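Visitor: Okay, so the sequence shown: first residue is 50 according to the numbering used here, each after it adds one.
The beta carbon of each residue, even a glycine, is placed where N, CA and C say it ideally should be.
The model shown is predicted, which means the values in this text are computed figures rather than measured ones.
Next up is a structure, given as structure tokens.
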Amino acid sequence: MRIVIVGGGLVGSTLAEKLSRSGQDVALVESDAGRIAELSERLDAQVLHGNGTTIRILREAGIEEASLVVATTASDEANMVVGLIAALRFDVPRSVVRLRDPDHAESFARMVESSAGEHVVVNPDAAAVDRILSLLEVPGALDVVSFFDDRLLVAGFRIAEQSDFKGLLVSHMNLLFAGTPTLIAAIHRADEWIIPHGDEDIRANDLIYFAFDRSELESILHLVGAREERGTHLMVGGATRLGLELASRLEQRRSRVVLIDDDPERARVAAERLNDTLVVLGSITNQDLLEEHAIERVSTFIATSDDNEVNLVAGLLAKRLGARRAFALIETPGLADLIGEVAIDAAISPRLLAIGLTLQHIQGGGVHSVAALTEDRVEIIDADAVAGSPITSGALADVALPRGVLLAALRRGADVLLPSGDDRVEPGDEMLFITTTEQADKLSAYLSPDA
């Protein structure tokens, strides 16, 4: 189908690359002339230079034939205009619009509610707050995503030398957790991502992603050697929109929160909006300030400023001064890749979250969610099984999914199952796939009834 993407930044260009690789007819509109040559060389897509909020440029991009328009510029206002033009002027069947401001999202929804088609809003900041809250629930995890109505967790842990998992085979999970669905879904070892098939061993320093029933959380934490964290003393570095929302949600959990920002106006707004949070004016990289507010007693420090480098430095400083865990908001891929080599416990990327949220709306066809793991090298896809699709045609051994694609779990009614090669997927089952990004494009052929 014809897809028009407006905004050639990290989100837009990544989406264009993924979609064009899967055979979609993609046009990407970018207003920055300096990026056009690089985008044209890298992408197998039509790249246009111009203002994507104008009808002339959108027509050049093929909006009149488009089945989908994605607006993912850095400007809420520009994205709203693109979405409204698509929905109200050209009757595009579907649009996905990235809006960070909840007021903008509400306005957009009201303006398109009478139009035909599906027009949805993606808010990466809200998704990042949800991801941070999930991480806080799982001590020691570098990444956490929930599925099946929060019943099944996929969490990544670094395997320490003293971990009881070290030296085991992936297939041993069936012996350790015979009563509940628990498996190793992915392994990151050095520069390699592995979707395991049972005979792989577990080594120290591996980043292991476990998929497990929430009831097994304490057992998983014990085996990986993660400490239970009962403390609720949290510090948020940056009174950004995301930082404010996070502090507000933490207040609802009755956590003790200190929020630090060096901008007087943002600090004033934060103090007015928050009820039980201590708002401090100052720099999140000021050692004296952090020590003054008992950084050594902080269970988790979360850096949420608009500056990736500052977030990284602040997180490292907080850990050095005694914070048990440190998370950092990091959008730059090169910096995110460093997380495994430094003391930061987790990197949160609204960019990756926005990509996953957008893909689930693009793919449709019963796809509930798409989540990209660390470095965007592995994806988790939660989808319904449709009658007549190849995945329901026989036993899984006969269906023969591509190597690098793992059907990790099924939900059938109230039951969650770990399927084997002898099992069949039934129409109506909810399926959880783990796949390398390179193989993800092949999965759609197994899910569509007309494949």
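So the beta strand (DSSP E) GLY292 belongs to, where does it begin and stop?
Guide: Along the sequence shown, one-based indexing puts residue 292 at 243. Not the beta strand (DSSP E): GLY292 falls in the alpha helix (DSSP H), residues 290-301.
Visitor: Compute the Euclidean distance between the alpha carbons of ALA260 and ALA449, then round it to the nearest angstrom.
Guide: In the sequence shown, counting from the first residue as 1, residue 260 sits at position 211. In the sequence shown, counting from the first residue as 1, residue 449 sits at position 400. Roughly 22 Å separates the two Cα atoms.
Visitor: What residue range is occupied by the uninterrupted alpha helix (DSSP H) comprising ASP490?
Guide: As a working note, residue 490 is residue 441 in the sequence shown. ASP490 -> alpha helix (DSSP H) spans 486-496.
Visitor: Tell me the start and end of each unbroken beta strand (DSSP E) in the stretch 152-216 that is at least 3 residues and wholly inside, in chain order.
Guide: Those beta strand (DSSP E) runs which fall completely within the stretch 152-216 and span 3+ residues are 167-171, 192-196, 201-207.
Visitor: Can you tell me whether ILE379 is helix, strand or coil according to DSSP?
Guide: Taking the first residue of the sequence shown as 1, we reach residue 379 at position 330. Correct three-state label for ILE379: coil.
Visitor: Between ILE333 and ILE351, is the Cβ-Cβ spacing less than 7 Å?
Guide: Here residue 333 refers to the residue found at position 284 of the sequence shown. Here residue 351 refers to the residue found at position 302 of the sequence shown. Result no, Cβ atoms of ILE333 and ILE351 do not sit closer than 7 Å.
Visitor: In terms of residues, what are the limits of the alpha helix (DSSP H) holding HIS271?
Guide: Working through the sequence shown from its first residue, we reach residue 271 at position 222. Where HIS271 is concerned, the enclosing alpha helix (DSSP H) stretches over 266-273.
Visitor: Would you list the residues sitting across from GLU479 in a DSSP beta bridge?
Guide: Mapped onto the sequence shown, residue 479 falls at position 430. DSSP lists ASP433, ARG460 as partners of GLU479.
Visitor: Check the DSSP bridge columns for PHE259 and list the partner residues they point to.
Guide: Residue mapping note: residue 259 aligns to position 210 of the sequence shown, counting from 1. ALA204, ILE233.
Visitor: Given that a residue counts as buried once 16 or more other Cβ atoms are within 10 Å of its Cβ, and exposed if not, what is SER69?
Guide: By one-based count along the sequence shown, residue 69 stands at place 20. Under this definition SER69 is a buried residue.
Visitor: What residue from LEU182, ILE52, LEU217 has the CA that sits closest to ILE233's CA?
Guide: By 1-based counting over the sequence shown, the position of residue 233 is 184. Of the candidates LEU182, ILE52, LEU217, the one whose C-alpha sits nearest the C-alpha of ILE233 is LEU217.
Visitor: Can you tell me which of PRO468, ALA177, ARG51 puts its alpha carbon nearest to the alpha carbon of PRO230?
Guide: Residue mapping note: residue 230 aligns to position 181 of the sequence shown, counting from 1. For the residues PRO468, ALA177, ARG51, the minimum Cα distance to PRO230 belongs to PRO468.
Visitor: Let's test the definition: count the other Cβ atoms within 10 Å of the Cβ of HIS246 and tell me whether it reaches 16, buried, or not, exposed.
Guide: Here residue 246 corresponds to residue number 197 of the sequence shown, with the count starting at 1. Counting Cβ neighbours within 10 Å, HIS246 comes out exposed, since fewer than 16 surround it.
Visitor: By DSSP, does LEU88 sit in helix, in strand, or in coil?
Guide: Within the sequence shown, residue 88 is the residue found at index 39, counting from 1. Three-state result, LEU88: helix.
Visitor: Residues bridged to ARG374 by DSSP?
Guide: Within the sequence shown, the letter at position 325 stands for residue 374. Note: ARG374 sits in a beta bridge opposite THR349.
Visitor: May I have the straight-line CA-CA distance separating SER164 from ILE54, to the nearest angstrom?
Guide: The count along the sequence shown starts at 1 and reaches residue 164 at position 115. The count along the sequence shown starts at 1 and reaches residue 54 at position 5. If you take the alpha carbons of SER164 and ILE54, they lie about 20 Å apart.
Visitor: For HIS153, which residues from the same chain have a beta carbon less than 7 Å from its beta carbon, with the 5 sequence-adjacent residues on both sides left out?
Guide: Working through the sequence shown from its first residue, we reach residue 153 at position 104. Cβ within range, chain order: ASP125, MET129.
Visitor: Cα-Cα, which of THR407, GLY286, LEU323, PRO399 is closest to ALA372?
Guide: Along the sequence shown, read from residue 1 onward, the residue named residue 372 stands at position 323. Taking only the C-alpha atoms, the option nearest ALA372 is GLY286.
Visitor: At which residues does the alpha helix (DSSP H) containing GLU66 begin and terminate?
Guide: The residue labelled residue 66 in the question sits at position 17 within the sequence shown. Segment 59-70, the alpha helix (DSSP H) holding GLU66.
Visitor: Based on Cα-Cα distance, which residue from ALA458, THR484, ALA463 lies nearest to ASP472?
Guide: Here residue 472 is taken as the residue at index 423 of the sequence shown, counted from 1. Comparing Cα-Cα distances from ASP472 to each of ALA458, THR484, ALA463, the minimum goes to ALA458.
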